[in-house]
Amino acid sequence: MTIRSLFATRLYQGALDDAALIAELDQSCRMLAEEDRAGRAWSKAQGYRGYTSYASLNDLPQRDPAIGDLVKLLNRHVAAFAEACAFDLAGRKLKLDSLWVNVMKPGATHSGHIHPHSVVSGTVYIAVPPGAGAIRFEDPRLGLMMAAPSRRDDAAEELRRFIYVDPAPGTLLLWESWLRHEVMPHAGKDERMSVSFNYRW
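Okay, so the sequence shown: first residue is 8 according to this note's numbering, each after it adds one.
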């Protein structure tokens with residue numbers, strides 16, 4: 008008898024081993040949350056508990072040197088992930104399409120979603136207080152499992168319906184943009200900060 012695992016879903020987990028850069032990014036996130044009035048207004052209108060630059064600023068790598076330095080690191084990690092995914096890019100490279108800052112207050116959450124029109128998406132975590140909440144990835148086949156029973160708690164990771172990742176400051180996660188994910192409720196006392204991004208072909 009042979010049992011094979013088919014159609015793997017890859018999740019890249021790395022780390023920014025640069026405490027000085029993480030500290031600079033922490034300051035950048037806080038400064039943007041304070042100074043970006045349009046982003047604060049959009050966040051309030053959308054019911055986002057905290058701040059995101061998602062709909063207000065599209066030039067962060069040029070605007071902020073620390074974010075520019077971060078993008079140089081991200082480019083290398085994304086290239087490694089693209090290779091691990093065996094993408095045939097026809098001699099081209101994936102290019103940064105969008106990048107935004109998230110500053111989540113206690114009680115904040117972000118419901119399940121995907122990132123359309125992108126190839127690789129990801130997040131790098133800047134501040135993760137205790138109780139900040141994991142990021143949860145959903146089995147992309149879930150909607151097709153009409154009559155399937157649930158899985159035992161001791162099931163192997165590749166058989167689970169949801170995978171939770173508890174990040175730390177400096178954690179970098181990359182995934183293919185079609186993979187549905189959500190941010191679990193932030194039960195900590197301090198702000199949770201991250202920088203999210205999309206790459207396209």
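Even for Gly, the Cβ is constructed at its ideal location relative to N, Cα and C.
Determine contact between the segment 172-190 and the segment 154-162, defined as no fewer than three beta-carbon pairs at a distance below 8 angstroms.
no
C-alpha gap between S125 and R56, whole angstroms = Start at 1 with the first residue of the sequence shown, and residue 125 comes out as number 118. Start at 1 with the first residue of the sequence shown, and residue 56 comes out as number 49. One C-alpha to the other measures close to 26 angstroms.
* Is L77 helix, strand or coil by DSSP? -> Within the sequence shown, residue 77 is the residue found at index 70, counting from 1. DSSP places L77 in helix when its eight states are reduced to three.
Original post:
Going by the beta-carbon positions, is the gap between E214 and A134 smaller than 8 angstroms?
Top reply: This structure cannot speak to residue 214, because the chain is shown only from 8 to 208.
Q.
Using 8 angstroms as the threshold, is the C-beta distance between S63 and A45 below it?
A. Within the sequence shown, residue 63 is the residue found at index 56, counting from 1. Within the sequence shown, residue 45 is the residue found at index 38, counting from 1. Against a cut-off of 8 angstroms, the Cβ pair of A45 and S63 comes out as a contact.
inquiry  = Per the DSSP calculation, E198 is bridged to which residue(s)?
reply    = For the purposes of this step, residue 198 is taken as residue 191 along the sequence shown, with counting starting at 1. E198 pairs with nothing; no bridge assigned.
Exercise for the section: Closer than 7 angstroms by C-beta to A22: which residues in its own chain qualify, once you throw out the five before and the five after it? Chain order, please. Expected result: Numbered from its first residue, the sequence shown carries residue 22 at position 15. So the qualifying residues of the chain are G177, T178, L179.
Fill in: Own chain residues within Cβ distance below 8 angstroms of Y19, not counting five before or after
Sequence index remark: in the sequence shown, residue 19 carries index 12 (1-based). Same-chain partners within the cutoff: H84, A87, F88, A91, G129, L179, L180, L181, W182.
Practice task
Keeping to the same chain, check which residues put their C-beta closer than 8 angstroms to that of R207; ignore five residues upstream and five downstream.
Solution key: By one-based count along the sequence shown, residue 207 stands at place 200. Same-chain partners within the cutoff: L101, K102, D104, H124, S125, V126.
Check: Who does S20 pair with in a DSSP beta bridge?
Finding: Position 13 of the sequence shown, counted from the start, is the residue given in the question as residue 20. In the sequence on display, residue 20 carries Gln and not Ser. In DSSP, Q20 forms a bridge with L180.
DSSP three-state assignment for R47, whether helix, strand or coil:
Numbered from its first residue, the sequence shown carries residue 47 at position 40. Helix, per DSSP.
Whole-angstrom Cβ separation of R253 and P147, contact assumed at under 8 angstroms?
Beyond the ends of the chain as shown, which are 8 and 208, falls residue 253; an answer cannot be given.
- Query: Measuring CB to CB, does R143 end up less than 8 angstroms from M191?
  - Reply: Translated into positions along the sequence shown, residue 143 becomes position 136. Translated into positions along the sequence shown, residue 191 becomes position 184. In this structure, M191 lies closer than 8 angstroms to R143 by Cβ.
*beta strand (DSSP E) containing E42: first to last residue?*
Position 35 of the sequence shown, counting from 1, holds the residue named residue 42. Not the beta strand (DSSP E): E42 falls in the alpha helix (DSSP H), residues 26-42.
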